[in-house]
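Participant:
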Amino acid sequence: MGPGLPAFLGRPTAALLLVALVGACAVEDRAEALYYRQHRVAAALAESIVAAEPEDPVLTERLYDAEDALNGACAALSEAGYRRFNGEDIGDDLRWQIVDSLDACAAQADRTAALLQRVDPAVAGFYLDTPRVTTADSGAARSTEQRAGKNE
22 MGPGLPAFLG RPTAALLLVA LVGACAVEDR AEALYYRQHR VAAALAESIV
72 AAEPEDPVLT ERLYDAEDAL NGACAALSEA GYRRFNGEDI GDDLRWQIVD
122 SLDACAAQAD RTAALLQRVD PAVAGFYLDT PRVTTADSGA ARSTEQRAGK
172 NE
């Protein structure tokens, strides 16, 4: 046992706790970066919907469907952002929902961004000209955005 560790904590238990703590930080960094990414995609989507409504009802319906899919896939993350913004506790249940939905949210944000780049490249370029967050990126995109001064 290491110095300063309680008797019931051996080195394997302490190592496991350290790995869990580091993993939790990586998930939190990824969730935060994805939260900002998802909101940029949603903002671009909203602007594209406004532009398409008077011109193209079929495209408008596709964009509304994409908005519904994005909101559904990222619901837990959006709820956590709302709670955090309002100083409310996020809670363990919502934290687990976020962890469970991160991959689906990132994938839907990427699909929606790709749709926007096809149908409205100018708006997509304005809102989405930042690194994307995927399952492999975790904190890397966040660090890139911070260095570029693009933190929201």
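Counting from 1 along the sequence shown, just add 21 to a position and that's the residue number in our numbering.
From the three backbone atoms N, C-alpha and C, an ideal C-beta is built for every residue, glycine too.
Straight-line CA distance for Ala-134 to Val-62?
Facilitator: Roughly 6 Å between the two C-alpha positions.
Participant: If you compare alpha carbons, which of Ile-119, Asp-114, Leu-91, Glu-109 is closest to Ala-128?
Facilitator: That would be Leu-91, whose Cα lies nearest to the Cα of Ala-128.
Participant: With three or more C-beta pairs closer than 8 Å as the rule, is the segment 64-77 touching the segment 104-114?
Facilitator: No, because fewer than three Cβ pairs between the segment 104-114 and the segment 64-77 fall closer than 8 Å, the two stretches do not touch.
Participant: What is the DSSP secondary structure of Gly-93, reduced to helix, strand or coil?
Facilitator: Gly-93 falls in the helix class under three-state DSSP.
Participant: For Pro-78, which three-state DSSP category applies?
Facilitator: If DSSP states are grouped into helix, strand and coil, Pro-78 belongs with the helices.
Participant: Which whole-angstrom value is the C-beta distance of Leu-137 and Ala-145, which I expect to be below 8 Å?
Facilitator: Going by Cβ atoms, the distance from Leu-137 to Ala-145 rounds to 4 Å, so yes, they are a contact pair.
Participant: Since Gly-146 is in the alpha helix (DSSP H), which residue starts that stretch and which ends it?
Facilitator: Its alpha helix (DSSP H) spans residues 142-149.
Participant: Hey, how far is the Cα of Glu-100 from the Cα of Phe-147?
Facilitator: Answer to the nearest angstrom: the Cα atoms are 26 Å apart.
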